[in-house]
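*Asks:* Once you've had a glance at the structure underneath, I'll fire off some questions.
6 protein chains.
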Amino acid sequence: MDIWQLLRIEAMEQSQAEPYLASFLYATVLSHPSLERSLAFHLANKLANMTLLSTQLFSLFSETFSADTSIQVTMREDMKAFRERDPACTSYVHGMLNYKGFLACQAHRVSHRLWRQDRTGLALALQNRISEVFQVDIHPGAQVGKGMFLDHATGVVVGETATIGDNVSILHHVTLGGTGNRCMDRHPKVGNGVLIGAGATLLGPIKVGDGAKIGACTLVLIDVPCYCTAVGVPARIIRNTAAAVTPPPPCDFPGQSMDHTSEILDYVI
Amino acid sequence: MDIWQLLRIEAMEQSQAEPYLASFLYATVLSHPSLERSLAFHLANKLANMTLLSTQLFSLFSETFSADTSIQVTMREDMKAFRERDPACTSYVHGMLNYKGFLACQAHRVSHRLWRQDRTGLALALQNRISEVFQVDIHPGAQVGKGMFLDHATGVVVGETATIGDNVSILHHVTLGGTGNRCMDRHPKVGNGVLIGAGATLLGPIKVGDGAKIGACTLVLIDVPCYCTAVGVPARIIRNTAAAVTPPPPCDFPGQSMDHTSEILDYVI
Amino acid sequence: MDIWQLLRIEAMEQSQAEPYLASFLYATVLSHPSLERSLAFHLANKLANMTLLSTQLFSLFSETFSADTSIQVTMREDMKAFRERDPACTSYVHGMLNYKGFLACQAHRVSHRLWRQDRTGLALALQNRISEVFQVDIHPGAQVGKGMFLDHATGVVVGETATIGDNVSILHHVTLGGTGNRCMDRHPKVGNGVLIGAGATLLGPIKVGDGAKIGACTLVLIDVPCYCTAVGVPARIIRNTAAAVTPPPPCDFPGQSMDHTSEILDYVI
Amino acid sequence: MDIWQLLRIEAMEQSQAEPYLASFLYATVLSHPSLERSLAFHLANKLANMTLLSTQLFSLFSETFSADTSIQVTMREDMKAFRERDPACTSYVHGMLNYKGFLACQAHRVSHRLWRQDRTGLALALQNRISEVFQVDIHPGAQVGKGMFLDHATGVVVGETATIGDNVSILHHVTLGGTGNRCMDRHPKVGNGVLIGAGATLLGPIKVGDGAKIGACTLVLIDVPCYCTAVGVPARIIRNTAAAVTPPPPCDFPGQSMDHTSEILDYVI
Amino acid sequence: MDIWQLLRIEAMEQSQAEPYLASFLYATVLSHPSLERSLAFHLANKLANMTLLSTQLFSLFSETFSADTSIQVTMREDMKAFRERDPACTSYVHGMLNYKGFLACQAHRVSHRLWRQDRTGLALALQNRISEVFQVDIHPGAQVGKGMFLDHATGVVVGETATIGDNVSILHHVTLGGTGNRCMDRHPKVGNGVLIGAGATLLGPIKVGDGAKIGACTLVLIDVPCYCTAVGVPARIIRNTAAAVTPPPPCDFPGQSMDHTSEILDYVI
Amino acid sequence: MDIWQLLRIEAMEQSQAEPYLASFLYATVLSHPSLERSLAFHLANKLANMTLLSTQLFSLFSETFSADTSIQVTMREDMKAFRERDPACTSYVHGMLNYKGFLACQAHRVSHRLWRQDRTGLALALQNRISEVFQVDIHPGAQVGKGMFLDHATGVVVGETATIGDNVSILHHVTLGGTGNRCMDRHPKVGNGVLIGAGATLLGPIKVGDGAKIGACTLVLIDVPCYCTAVGVPARIIRNTAAAVTPPPPCDFPGQSMDHTSEILDYVI
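This is how it looks when you write it as structure tokens:
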């Protein structure tokens, strides 16, 4: 069954079980004809303020979502990501309505599209509202792959020239930052299936290979090869020699399995 | 004198000294018959948005606060906590109206009660608003003892199966997080009187004993025994052999004394 | 040309290029006679909520900005700071409207003035709103020099007795915190031209000398001499022997150059 | 079946038939445990503004409605009135949510109760909001019987010393006004079952007897006996000699039958 | 030139002449691609409240306006009406943004369409908001022709079975009301080119012929033939014998010429 | 004692007697340094909506009130008018905060000043908001004298070329309207001390002399000499021969005495 249909069934069940939420669920989900419209409505109400009206934002989001089919695809991949990777997430509707990371990411995809259309002023204004409301500060220029899962999300910062691959999971307080005040390529490039733990800080135009893992509280200033783990301040690399020989399938990448600790615990002892 | 009476006196004095605040103080404190009503009103206005109306939230909070006597007790213990432990807090009314940590904690106690009543949808919606407005992300399932002091509070994350004892003090950017994507017990258990410094990250179902201290910026992946201090990335344990023989009285626990540095400074040298 | 004139030209150009932003730019910039009025208007709308009305805040900000000429000067120095030091900032109007760090800093200057006038209740209420809206928690008692650049800004915490010199740059998640619950001088003193990297935590009444640099994720519990770099958890000091002999000119201080990595990378190897 | 149960069934049916209204119906009707709570919620949201918060008004209305059993009775009688007398009203839920006259009347009953408790300031503030939002200006001192039907309601004005009996129907633009600036009894006394047509103006402490009818656009400056009709500017009385001998049963009073024209048409010819 | 283009030019000129209005004009007119979108936006913001969100109304209005070409035509005819007939109206943009009668009429056209689609609940909810915000109470069932001009508009009431022809002008406080509580055809039928003066009250299923005029403060209970004038309480008919022989062209109908007085003055003497 | 001081004393007493109103009274009266600021604040909050922000209106009103000393005088004369002429008005603070007629009149004085400064667009936008919020539709071009009392105020309409003298009292539903669609002088000229009863309609460039009285529901199409009374539809004149010989002092003019009935009752008999 399609995610939108599942989500509507969940919303219907919750609206019957919880009268306090029924009006909220009708307004945000059940009264809309599509996931795109529902999400445009929800984001517009979240991000509106006295000088950026919800009606303006609703136009912007619903037009972008209906015009850009790749956003329609990534939106659903991002929903699968939180549903499969977060054991605390028990329904699509919960994540879609309540996860700051998911909402920030979808709004970023709109600001990124504006950025590529040279509508930089609007893209930056949107970035500001996302940062204020969700505390997720992703520059509109940053490229983010599908299947992105931003867990908790508070305090995430991603710089202008950063790129993030598919099926990456990033915890809260993570920084993909720059070094210095020069206007060139200055932010990290993160591969597919990477997992970045809470509080990790990656600085400079370094490369993090596919299937790599960055431990919590790690400060990364150097490249991290594929399938390796980086831990410590500053980071040292724990090499995964087996994986170097026989690369794991993408579904076993840490960005999907969310296994935060195994090698890190080794390092602890 | 009762905290509510003290708080009203403080509010009355401030309303006379500062005309700009008088209407705010009357609306939030002086026009209410009890601490429960005042706090319900204040939280409802803070957490309301276009789709969760303040009137709905006010009903929810005022009914919960009047129905649950244990919340009435912990509310007051939490107020004593910020008043006694924070030298920058010079009145009850200041902390009650302005401390994001206090407000987030009281709203969490309501979401936790909803969670235990199987009203999970509403509990999670509330968690989301607390996270957006106060940047404090405590899962409704987490158990939090009385006398909790969340200082500054921005960026605190507490997972579903975490438990926190009585008289604990937690600084900003602290994570009590999980490891992996399995649905079992996966978050830290924190004892009584524990102090957790700014930016500390505790991952996995580890135990932090009574009277323990976690240094700022520490990454804790292992158990921390009673009265001990954990510092470093990853943490190593500084044992308190004297305390192991003669345990200190709870009032000298670091969660109460807020002594962030003594053993940590030893470790520095 | 004066910053206000430049900013108006930028706003006019953007309003013509982007119809979605035109009403926002007119309301916040183009309809105002001065930078002070424009900023007062913008801050009032950002910080207002149901119990602190925008009209009240607008009065407060516009009166303070017109009465205090030193705030008028520092406001412009802070604008030069983000314009010169942030390669992602391509116009004054973008930074002035969208940078949480800039907005939080200007609102802090108002709360600091109130604090010095013994209007502590209003100062603290303002601190709370700044912390909720911008996630920047600067105690009204803290002294902040001119040319301050708070980049990204989410999660910054600065305590009551902290002082910060001129032309300092501070990244997100930085803490200038206290140790313990005693009411004396208990927070860091930061000199001129200092650069403090993302996630750095400075605790206690330590001194950070002019031109010093604090690496990202560093925990600083000891003094940092002039022109030196502190890295690690806890920090160790990398001395700059050349600079000790021939101090660099202030324009080469890291707070201005934003050079986050040079010595830190040495330390990595 | 009780009106509240009927109204909930109607609301449920409409919420299923019309997705656009579902959230509105859940928020105002279906999430509430009683008619009193539902109406308190709806009135609070209608009458709130920036300086009279919805949470304050919700407290006031819900406490008054639950404390005053006579208001609980008249509320239901007023609902029967619009349901039976207005052919354009096809459901209780429509009238209860949308009729300005019904809503203004219920809010007046609260302001009248405050007036009798000598809380005149709050009573008058409420009168003002009712007048602004519903364009119905009933002085809190005025006494209004049960079964009141204010049709369309725009522009109705009722003075301080006016009294209105049971089962009266009043069209829009009707004035029960005073004459002069002396503080004594100076407004009309209207009996039971009276019908007052659109635009009628009644001035001074005159008496309008039971079962009387006031034609549209009539200016009444003299008493109107029972069962009689007043028409014209100024009014002349059309006597009902049959009714004077054999009074009609109250259920045939014009206030119930809403028969606006019979005698008036006679008068026309 | 098309009305939308004229209106944009006017808005552009005003935004340059009056900085206070520029943001308002950009938000409501200049940032929109069509008259339909602009009007949908403006009406949504006017009619929204806490339980009917502006985003919901904006969807409803913009979809209706883009789907129904006859509404697109009448919208423009109504704009010509206020522009040509009201000497106080000096621009399209002024009338389109500020005239309650115009805005109420366009919103009524949407509620009427919903009514004919059997979406009666939403139609009636919309009628209520129009009545609260613009004080114009037109039942969704009423049929209104093109070129309608509602001048001042406060207090206009039009019943369910009323019909109004093309190019009619109606002043404030006018009632097209019913008589009694029976559910049949019970409201006036007004022809083309009719002018109805301020405070006129028309009751019952009477016919008002093409080109007729109803004097201010008139109470009409009988048919009014074509080209005739009705004055008085109750109305008597002033026949226009010349017009009965040689009917005037529609452009000379009083609904277009707005000649309120000629015959009425005769009647005075 | 000055009205502002009296009003503050009243507000202070009410804020102590009625906790529900205290925050409202502090926000609107007690936190302001002058009547001008208090009224500017109150009007701004009343008239603001999503596209005309309260901060913008507050600037406009407070600057106008402080720049124009004649408005400062008439504001106080208008307050004396409602206080002396309305027996239902028991305090200045009640009338100043709650009387739609007073608030509409003060806002009109600002729109009139804008009109004379050729800022017609803003003047007309303001007229629209006054008409929506207070249901008082006074064209910005109309001239209104001091000591104006608009009682109840709902539905008052005053045209562009109307003039109103000093110490006039006007009840609700009164129209000073035009006739026809020509752009010349076309509205009534009302002298000093005139009283115009509820529902009266005055059309065309007629003259109403000093001390005249217009009965309720009267339709006036001809001049009304000084000290005379006009009653009926259409009006006939009741001459006051005694006054023609010995004119009464202005303090006995009906606009001050509010004597609605004496001659009218004669006419009735």
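Residue numbers (the working numbering), protein chains in the order written: chain A, 292 to 560; chain B, 292 to 560; chain C, 292 to 560; chain D, 292 to 560; chain E, 292 to 560; chain F, 292 to 560.
Glycine included, every Cβ here is placed at the ideal spot set by N, Cα and C.
Values in this document were obtained by computation on a predicted structure and should not be read as measured data.
Can you name the residues of chain C whose CB is closer than 7 angstroms to the CB of L351(D)?
*Replies:* By Cβ distance, chain C contributes nothing, its closest Cβ being about 17 angstroms from L351(D), past 7 angstroms.
*Asks:* Can you tell which of V449(F), T492(F), T452(F) and L441(F) has its C-alpha closest to the C-alpha of R374(F)?
*Replies:* Among V449(F), T492(F), T452(F) and L441(F), the Cα nearest to that of R374(F) belongs to L441(F).
*Asks:* Could you check what DSSP says for F440(C) in three-state terms: helix, strand or coil?
*Replies:* F440(C): strand per DSSP, three-state reduction.
*Asks:* On the DSSP bridge list, what partners appear for I455(D)?
*Replies:* Bridge partners of I455(D): V435(D) and V481(D).
*Asks:* M341(A) versus chain F: which residues are under 7 angstroms apart at the beta carbon?
*Replies:* Result: L344.
*Asks:* Between which residues of its own chain and T466(E) is the CB-CB distance below 6 angstroms, once the five residues before and five after are set aside?
*Replies:* Result list for T466(E): V448 and T492, in chain order.
*Asks:* Using CA atoms only, rank isn't needed, just tell me which of L316(B), I300(B) and H551(B) is closest to A416(C).
*Replies:* With distances taken between Cα atoms, A416(C) lies closest to L316(B).
*Asks:* By how many angstroms is the C-alpha of C396(E) removed from the C-alpha of I529(E)?
*Replies:* In a straight line, the C-alpha of I529(E) is about 30 angstroms away from that of C396(E).
*Asks:* Contact between the stretch 391-410 of chain C and the stretch 427-440 of chain C: three or more CB pairs below 8 angstroms?
*Replies:* With the cut-off at 8 angstroms, the stretch 391-410 of chain C and the stretch 427-440 of chain C touch.
*Asks:* Looking at chain F, which residues of the stretch 392-417 of chain D have a Cβ within less than 7 angstroms of any of its Cβ atoms?
*Replies:* Those would be R410, G412, L413, L415 and A416, in chain order.
*Asks:* Please report how far the alpha carbon of D518(B) lies from the alpha carbon of A526(B), in whole angstroms.
*Replies:* Before going on, a small fix: residue 518(B) reads as Tyr here, not Asp. Taking the straight line from one Cα to the other gives about 15 angstroms.
*Asks:* For a test of the three-state rule: what should DSSP assign to T492(D), helix, strand or coil?
*Replies:* Note: T492(D) maps to strand in three-state DSSP.
*Asks:* From V536(C) to D501(C), what distance separates their C-alpha atoms?
*Replies:* V536(C) and D501(C): Cα-Cα distance of roughly 14 angstroms.
*Asks:* Suppose contacts are defined by Cβ-Cβ distances below 8 angstroms. Is H463(E) in contact with G495(F) by that definition?
*Replies:* No, the Cβ-Cβ distance between H463(E) and G495(F) is not below 8 angstroms.
*Asks:* In whole angstroms, what separates the C-alpha of H385(B) from that of S306(B)?
*Replies:* The alpha-carbon atoms of H385(B) and S306(B) are separated by roughly 12 angstroms.
*Asks:* Using the three-state DSSP reduction, which class does V524(C) fall into: helix, strand or coil?
*Replies:* Note: V524(C) maps to coil in three-state DSSP.
*Asks:* If we call anything under 8 angstroms between Cβ atoms a contact, is K337(B) one with L394(B)?
*Replies:* Against a cut-off of 8 angstroms, the Cβ pair of L394(B) and K337(B) comes out as a contact.
*Asks:* Among I461(D), T470(D) and H478(D), which has the Cα closest to the Cα of Q547(D)?
*Replies:* Comparing Cα positions, the closest option is I461(D).
*Asks:* Which of the three DSSP states, helix, strand or coil, is assigned to T537(E)?
*Replies:* It is coil, neither helix nor strand.
*Asks:* In angstroms, rounded to a whole number, what distance separates the CA positions of D557(E) and I497(E)?
*Replies:* With a pLDDT of only 49 at D557(E), under the threshold of 50, the placement of this residue in the model should not be trusted, and no figure is reported.
*Asks:* Could you check what DSSP says for G471(D) in three-state terms: helix, strand or coil?
*Replies:* Here G471(D) sits in coil by DSSP.
*Asks:* Please report the Cβ distance between L334(F) and F352(F), rounded to the nearest whole angstrom; I am assuming they are in contact, meaning their Cβ atoms lie under 8 angstroms.
*Replies:* Confirmed, Cβ separation roughly 5 angstroms.
*Asks:* Measuring alpha carbon to alpha carbon, tell me which of D409(A), G450(A), T470(A) and R400(A) ends up nearest K437(A).
*Replies:* Closest option to K437(A), Cα to Cα, is R400(A).
*Asks:* Tell me the rounded alpha-carbon separation between L510(B) and F349(D).
*Replies:* Each residue's Cα considered, the two are about 47 angstroms apart.
*Asks:* What's the call for R376(D), buried or exposed, on a 16-neighbour Cβ count within 10 Å?
*Replies:* Classification for R376(D): buried.
*Asks:* Taking Cβ positions only, does M549(E) come closer than 8 angstroms to chain F?
*Replies:* With 8 angstroms as the cut-off, M549(E) counts as an interface residue toward chain F.
*Asks:* Measure the CB-CB distance between H551(C) and A507(C) and report whether it falls below 8 angstroms.
*Replies:* Contact: yes.
*Asks:* Consider the Cβ of A308(D): report whether some Cβ of chain E lies at a distance smaller than 8 angstroms.
*Replies:* Closer than 8 angstroms to some Cβ of chain E, the Cβ of A308(D) qualifies, so yes.
*Asks:* Go ahead and pull the three-state DSSP assignment for S322(A).
*Replies:* Reduced to three states, the DSSP call for S322(A) is coil.
*Asks:* Taking the alpha helix (DSSP H) that I429(C) falls in, what are its first and last residues?
*Replies:* Unbroken run through I429(C) is the beta strand (DSSP E), V427 to I429; no alpha helix (DSSP H).
*Asks:* Taking C-beta pairs closer than 7 angstroms, name the residues in chain A that H464(B) reaches, listed in chain order.
*Replies:* By Cβ distance, chain A contributes H464.
*Asks:* Please compile the residues from chain B whose C-beta is within a distance smaller than 7 angstroms of the C-beta of R473(C).
*Replies:* P378, listed in chain order.
*Asks:* Who are the neighbours of Y383(C) on chain E, taking C-beta pairs under 9 angstroms?
*Replies:* The contacting residues do not exist; Y383(C) stays about 19 angstroms from chain E at best.
*Asks:* Under 8 angstroms, do H478(B) and G488(B) count as touching if we go by C-beta distance?
*Replies:* No, these two residues do not count as a Cβ contact at 8 angstroms.
*Asks:* Could you please tell me which residues of the stretch 502-516 of chain A, in chain order, have their CB closer than 7 angstroms to any CB of chain B?
*Replies:* Cβ contacts with chain B come from A507 and C508.
*Asks:* Can you look up V364(C) in the DSSP assignment and give me helix, strand or coil?
*Replies:* Of the three classes helix, strand and coil, the one that applies to V364(C) here is helix, per DSSP.
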